[in-house]
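One structure is given below, encoded as structure tokens.
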Amino acid sequence: QVAVVESGGGLVQAGGSLRLSCVVRGGIFSYSTMTWYRQAPGHQRDFVASITNSGTTNYLDSVKGRFTISRYNAQNTMYLQINDMKPEDTAVYYCQARWYAGTYWGQGIQVTVSS
Numbered sequence: 049q050v051a052v053v054e055s056g057g058g059l060v061q062a063g064g065s066l067r068l069s070c071v072v073r074g075g076i077f078s079y080s081t082m083t084w085y086r087q088a089p090g091h092q093r094d095f096v097a098s099i100t101n102s103g104t105t106n107y108l109d110s111v112k113g114r115f116t117i118s119r120y121n122a123q124n125t126m127y128l129q130i131n132d133m134k135p136e137d138t139a140v141y142y143c144q145a146r147w148y149a150g151t152y153w154g155q156g157i158q159v160t161v162s163s
């Protein structure tokens, strides 16, 4: 059974940094494209960044230069490093694992940036 678990969220001051982690259990991580989404209050869930199983990355234009997505296949873990945080980064961040047999979501983790 596949499980996707995010961690590392919390309250950060503007200008600060945070690293989110996403662990995928169930043996599919190394085959999966991994993606971070976020959903701010009253907004839809939006794409933030993705990384393929071969390491190709893609970012939302507005986060380029501040967000870095990475993965460590040996530990079934994906990361999102967020620097120079802004109040508009406040959202629930979701991790998604997608492979040919299905798509799996984490429960989401709150990130709040105070001004």
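Going by my numbering, the sequence shown opens with residue 49, and the numbers climb by one from there. Cβ coordinates follow ideal geometry from the N, Cα and C atoms, glycine included.
**OP:** Could you name each continuous beta strand (DSSP E) segment of 3 residues or more that falls completely within the stretch 56-105, going from the start of the chain to the end?
**Re:** 58-61, 66-73, 81-87, 93-99
**OP:** Please determine if the stretch 86-93 and the stretch 65-74 are in contact, where contact requires at least 3 C-beta pairs separated by less than 8 Å.
**Re:** no
Original post:
Taking the alpha-carbon positions, what's the Ser-55 to Ser-98 distance?
Top reply: 17 Å
Original post:
Does the Cβ-Cβ distance between Met-133 and Ala-88 come in under 9 Å?
Top reply: no
Subject >> Bridge partners - Gln-129, DSSP secondary structure assignment >> reply: Arg-67, Thr-116
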